[in-house]
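For the sequence shown, position 21 matches number 21 in our numbering, and the numbering has no gaps at all.
Note sheet for the following structure.
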Amino acid sequence: MKENMKKGLLSIVFLSIMTVALLTDCSVSRIEKAPGTINKSITGTWQMKMFKYGTSKTFSSLPQDMEYIKMITDTHFLWVHYSKLTKKINSSAGGSYTLNNDTYTESIDFGLGMDSYLGSKPAYNIKIEGDLLFLTGNLVEGYKIEEIWERVH
């Protein structure tokens, strides 16, 4: 009888500890993924509004017939440039990324029309202001890019 009581008591203690651990883990996960953190603020779908590439001194608007979309999840990114008229993709790239404070580093793991960039890991300074994402850095050494993206709702 004492043996059964010990087993029952140990089972209750074990279940209590597991319940507390599970509830604590869920609470911590919720806090870590709360809206407003930089990682959550970059996730979503973005549409490019303006860009400055290479040695250009001024920002350019996108051609009327082109669409530039970037999608960022918790772990991966994908961007695609396509024609609004033909619906054909001109170029695209994607892969995983890391975010360390305001340094956003893409790992270009796959792409279309981006062969020379495959395997590269360009690092950018990233800033979010409201629904705008500002990306500045070097796609490759010596080729600076600055992009302004707007969140798609």
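Just so you know, even glycine gets a beta-carbon here, dropped at the ideal spot from N, CA and C.
Bear in mind that the values here come from a model prediction, so they are computed numbers and not experimental data.
Between residue i and residue j, which are expected to be in contact by the criterion C-beta below 8 Å, what is the C-beta distance as a whole number of angstroms?
i	j	result
G137	P122	6 Å
Note down the Cα distance separating residue i from residue j, rounded to an integer number of angstroms.
i	j	result
D65	I128	27 Å
N101	N90	32 Å
T43	S92	18 Å
G119	E141	14 Å
K88	P63	15 Å
Helix, strand or coil for residue i per DSSP?
i	result
I42	helix
S83	strand
S107	coil
S92	strand
I31	Caution is warranted here: a pLDDT of 29 is assigned to I31, below 50, making its placement in the model unreliable, and no coordinate value can be reported.
S56	coil
Leaving out five residues before and five after residue i in sequence, what residues of the same chain have Cβ atoms less than 6 Å from its Cβ?
i	result
E146	K52 and T136
Y117	I108
L139	P122 and I145
So is residue i buried or exposed if we call it buried at 16+ other beta carbons inside 10 Å?
i	result
L133	buried
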